[in-house]
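Structure first, then comments.
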Amino acid sequence: MLAPANKEEVIRIVKKAGGEGQKVRIIGSGHSDDSILTTSGYLVSLHKMKEIISVTKVDGCFTPEGDQCYDVTVQAGKYLKEFFEELAEKYDVCLPIAGDINEQSVAGIIATGSHGSGGRFPSISNYVIGLEIVKADGEILKVTQEDPKLLDAVRVHLGVFGVVTEVTLRCVQNYHIRKIRRGRVMDEVLGELETKLKDNEHFEFFYFPHTDKCQTVSSHRYVSSDKQLDQITLETLRVINTYFDLIRHQNYNFGYFILFTKPTHRYYMYLCLMWFSEIEIAIPYERCKEAFQEIKDLIEEARNWQEPYMCNQIIEVRFSRGETSYLSPLYLQNSVFWGELYYLLFFLSKRNISVFSPPDILIDKYGGRPHWGKQTYMSARQRGRCFPKFTDFVEERLKHDPTGMFVNSYLADAF
Ligand SMILES: Cc1cc2nc3c(=O)[nH]c(=O)nc-3n(C[C@H](O)[C@H](O)[C@H](O)COP(=O)(O)OP(=O)(O)OC[C@H]3O[C@@H](n4cnc5c(N)ncnc54)[C@H](O)[C@@H]3O)c2cc1C
10 MLAPANKEEV
20 IRIVKKAGGE
30 GQKVRIIGSG
40 HSDDSILTTS
50 GYLVSLHKMK
60 EIISVTKVDG
70 CFTPEGDQCY
80 DVTVQAGKYL
90 KEFFEELAEK
100 YDVCLPIAGD
110 INEQSVAGII
120 ATGSHGSGGR
130 FPSISNYVIG
140 LEIVKADGEI
150 LKVTQEDPKL
160 LDAVRVHLGV
170 FGVVTEVTLR
180 CVQNYHIRKI
190 RRGRVMDEVL
200 GELETKLKDN
210 EHFEFFYFPH
220 TDKCQTVSSH
230 RYVSSDKQLD
240 QITLETLRVI
250 NTYFDLIRHQ
260 NYNFGYFILF
270 TKPTHRYYMY
280 LCLMWFSEIE
290 IAIPYERCKE
300 AFQEIKDLIE
310 EARNWQEPYM
320 CNQIIEVRFS
330 RGETSYLSPL
340 YLQNSVFWGE
350 LYYLLFFLSK
360 RNISVFSPPD
370 ILIDKYGGRP
380 HWGKQTYMSA
390 RQRGRCFPKF
400 TDFVEERLKH
410 DPTGMFVNSY
420 LADAF
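Sequential numbering from 10 applies to the sequence shown in the working numbering.
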């Protein structure tokens, strides 16, 4: 693996690979499925390229919520954990949205259209307003808002345009968030979806198959001066929960109740205690209730098969707004992400994919689009067909990498 420390070294590596007819793939933090990461050629990591280059207040630019906008240019190899911390501590600025964890790199997270959850938020890639890419011939491609079509093509880039060395993101003033987890009855939650998405900054839920229960995670903005009070509330709740544990479980079955307040840059730190793998599909928001009902019914039906099927996955359900990035699962479509988490302890659940597969139903019947960074059983070409702008993406890519230097054996099927 090669680890360049600056742009000049990246250019040298790419030119050397070109001269030798070698393939090149770039790795961020390696949190994606192997299919899009592996290579028989040079594997390049930009972990040494991690400077925040500039933070500029954009005069007169505010989000609909009234947040002041800032444009942040950062070297592409920076890991989000350091990026979020430095951005908040030095500049009091944050990314408007992030996913469950903050281990990924800047170029890596935008490459696959990674997302969080909340009715008004598109993917993280949508906040990219500029990119700098070292192409196969060693030339530098600068993409800005002045060429919106090219920007839409390269935001979710899959690492196939070249080595992304710098990214400019539209960020906002940092703020505090209060998060609440609750056990709920799933049908009730589905009935309240519109309100939940409107009233909360972020909203998602985890559905537990073979029950009618789910756990909701809602959050809203909170003024930081109330932090102390919130901590006291949390401690009190902990004590109450200890004494009333039995009652709580009667009420919520799988549910529990946690409440905390954090600045946004400390919010995205989901604690993963076990290895898991995940398939994630985005379906149109309007059809989500119908789709959930069909899958719930099928799961129940499968329980009575001659060889009964027990679904031991947990389903993470998240919501995002439509956007214009060509390869985003959210392309021109407000969507719901259906994420099947397979805890690897329950290795039998892997076998079950071939027996019974909700993702097939979501893709074939509900026009679902798979997440590029997650596990897949599809070829790159099959995956590409789920995206209306895939052909435009392929054509644009060819202009910048005509020899296919940045395409690995999995992606070669589609590019
Ligand atoms: C525990 C866990 C939690 C997750 N949570 C979420 C979540 O909440 N929401 C969500 O949407 N996804 C989530 N994901 C998926 C994850 O966000 C994506 O797979 C993301 O792309 C990984 O970023 P990375 O930095 O690890 O990039 P990698 O996985 O290393 O690379 C991803 C792609 O980017 C390319 N790439 C990386 N750096 C560069 C560069 N400098 N130039 C050109 N190409 C580059 C690679 O070649 C590859 O194609 C999660 C994954 C895990 C394992």
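Built from N, CA and C at the ideal position, the CB exists for glycine as well.
One Cα belongs to glycine 28, the other to lysine 144, and the distance between them is close to 14 Å. Secondary structure of tyrosine 216 (DSSP, three-state): strand. In this structure, the beta-carbon distance from phenylalanine 215 to cysteine 223 falls below 7 Å. For the options Gly122, Tyr340, Trp347, Ile189, the alpha carbon positioned closest to that of phenylalanine 217 is the one of Trp347. For the options Ser132, Glu94, Val416, Leu96, the alpha carbon positioned closest to that of glycine 108 is the one of Ser132.
Distance between leucine 167 and asparagine 321, taken at the CA atoms: about 31 Å. A distance below 7 Å between beta-carbons, with the five flanking residues on each side excluded, links glutamate 18 to no residue of its chain. The straight-line gap separating the alpha-carbon atoms of arginine 392 and aspartate 80 is approximately 33 Å. Annotation: isoleucine 133 is outside any beta strand (DSSP E) and is labelled neither H nor E by DSSP.
Approximately 6 Å separates the beta-carbon atoms of arginine 406 and phenylalanine 170; this is inside 8 Å, confirming the contact. Counting along the chain, the unbroken beta strand (DSSP E) around phenylalanine 285 starts and ends at 285 to 293.
If you draw a straight line from the Cα of isoleucine 106 to the Cα of phenylalanine 130, it comes to about 7 Å. For alanine 291, the shortest separation between its Cβ and any heavy atom of ligand 1 does not lie below 6 Å. Cα atoms of arginine 187 and lysine 205: separation of roughly 15 Å, rounded to the nearest angstrom.
Counting only residues of its own chain and dropping the five nearest sequence neighbours on each side, valine 403 has a CB closer than 8 Å to the CB of Gly393, Ala423, Phe424.
Under the 8 Å Cβ criterion, the segment 45 to 55 does not count as touching the segment 90 to 107, having fewer than three qualifying pairs.
Across the set Gly413, Gly382, Leu199, the C-alpha of Gly382 shows the shortest separation from the C-alpha of isoleucine 118.
Looking at the backbone, the Cα of threonine 65 and that of isoleucine 370 are separated by about 46 Å. Under the criterion of beta carbons closer than 8 Å, histidine 274 and glutamate 94 qualify as touching, at roughly 6 Å.
Counting along the chain, glutamine 154 sits inside no alpha helix (DSSP H), nor does DSSP assign it H or E at all. The beta carbon of cysteine 70 lies closer than 7 Å to those of Cys78 in the same chain, with the five residues before and after it left out. Of all alpha-carbon atoms in Ala85, Pro397, Glu287, Phe285, the one lying nearest the alpha-carbon of serine 134 is that of Ala85. Non-local C-beta neighbours of alanine 120 in its own chain, meaning closer than 6 Å and more than five positions away in sequence, comprise His166, Leu167, Gly168, ordered along the chain. If you look at phenylalanine 415, you'll find it isn't in any beta strand (DSSP E); DSSP assigns it neither H nor E. Going by C-alpha positions, glycine 376 is about 25 Å away from leucine 159. Setting aside the 5 residues that flank it on each side, aspartate 410 is surrounded in the same chain by Lys144, Ala145, Val169, Phe170, Gly171, Val416, each with a C-beta closer than 8 Å to its C-beta; the list follows chain order. For arginine 179 and glutamate 299, the gap between their C-alpha atoms comes out near 35 Å. Beta-bridge partners assigned by DSSP to cysteine 223: Arg193, Tyr216.
By the C-beta density criterion, glutamate 141 is buried, having at least 16 other C-beta atoms within 10 angstroms. When C-alpha distances from lysine 305 are compared across Met58, Met387, Asp196, Tyr386, the shortest belongs to Asp196.
In terms of CA proximity to lysine 207, Ser228 leads the group Arg191, Arg190, Asp221, Ser228.
Residue state for tyrosine 79 is assigned as strand, using DSSP reduced to three classes. Within the DSSP bridge table, the entry for leucine 11 names Val53 as partners. CA-CA distance, valine 115 to lysine 90, rounds to 10 Å.
Cβ neighbours of threonine 412 within its own chain (closer than 7 Å, five residues either side excluded): Ala145. For phenylalanine 71, the uninterrupted beta strand (DSSP E) segment begins and ends at 61 to 71.
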